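Numbering (the working numbering), first residue to last: 129 to 286. Everything on this sheet refers to the single structure shown next.
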């Protein structure tokens with residue numbers, strides 16, 4: 129969603145406008161229930177909300193926390209309308225999660241989530257890099273996860 133107002137990203141680039149995230153329990157309740165069930169049934173290897181910094185930050189934090197990498201394609205991210213890559217990566221809309229699932233458990237997880245706006249947007253890799261293809265199919269991020277971790281530990285320059 130185009131909900132960038134008050135986001136870490138807008139703060140970093142000096143913008144103070146835009147629509148802030150609008151939480152909707154009615155929209156997200158079924159997602160929360162299904163995600164809880166998936167965790168309870170052992171499908172989920174890791175789960176990270178995308179509320180603080182958006183999808184891009186959640187991907188980076190997930191990758192460097194596991195000392196792994198990820199290859200992600202933004203064209204697979206469920207979106208409302210045609211959004212720019214930076215909006216997809218850094219919108220802090222509520223009800224979004226980065227969930228990792230072992231390949232042998234993906235079938236069960238996908239069946240559980242089939243009626244929800246959830247999608248496989250990438251894969252976890254052993255190489256400690258976060259590689260993201262944008263909506264054009266071209267790589268828009270290709271960074272070492274250790275470098276991302278170091279940047280994450282530095283305070284933002286507001």
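Cβ coordinates follow ideal geometry from the N, Cα and C atoms, glycine included. Bear in mind the structure is a predicted one, so any value in this text is a computation, not a measurement.
Could you give the C-beta distance for residue i and residue j, rounded to a whole number, given that I count them as a contact under 8 Å?
i: residue 199; j: residue 250; result: 5 Å
i: residue 261; j: residue 187; result: In fact, because the Cβ distance is near 12 Å, the residues do not count as touching under 8 Å.
i: residue 189; j: residue 280; result: 7 Å
Any idea if residue i is buried or exposed, counting beta-carbon neighbours within 10 angstroms, 16 or more meaning buried?
i: residue 213; result: buried
i: residue 227; result: buried
Does DSSP put residue i in a helix, in a strand, or in coil?
i: residue 204; result: helix
i: residue 174; result: strand
i: residue 214; result: helix
i: residue 262; result: coil
i: residue 250; result: strand
i: residue 199; result: strand
State the Cα-Cα distance for the pair residue i and residue j, rounded to the nearest angstrom.
i: residue 140; j: residue 211; result: 20 Å
i: residue 252; j: residue 191; result: 8 Å
i: residue 256; j: residue 270; result: 10 Å
Is residue i close to chain B? Criterion is C-beta to C-beta, closer than 7 Å.
i: residue 244; result: Included in the structure is just one protein chain, with no chain B present.
Let me check you understand the geometry: is the CB of residue i closer than 6 Å to at least one non-hydrogen atom of the ligand HEM?
i: residue 152; result: The model depicted lacks the ligand HEM and carries no ligand whatsoever.
Q) For the region 168–186 against the region 216–227, are there 3 or more C-beta pairs whose distance is under 8 Å? A) With a cut-off of 8 Å on Cβ pairs, the region 168–186 is in contact with the region 216–227, counting three or more such pairs.
**Q.** Stretch-stretch touch, CB-based, cutoff 8 Å, three pairs: the region 227–239 with the region 263–283
**A.** Touching, no.
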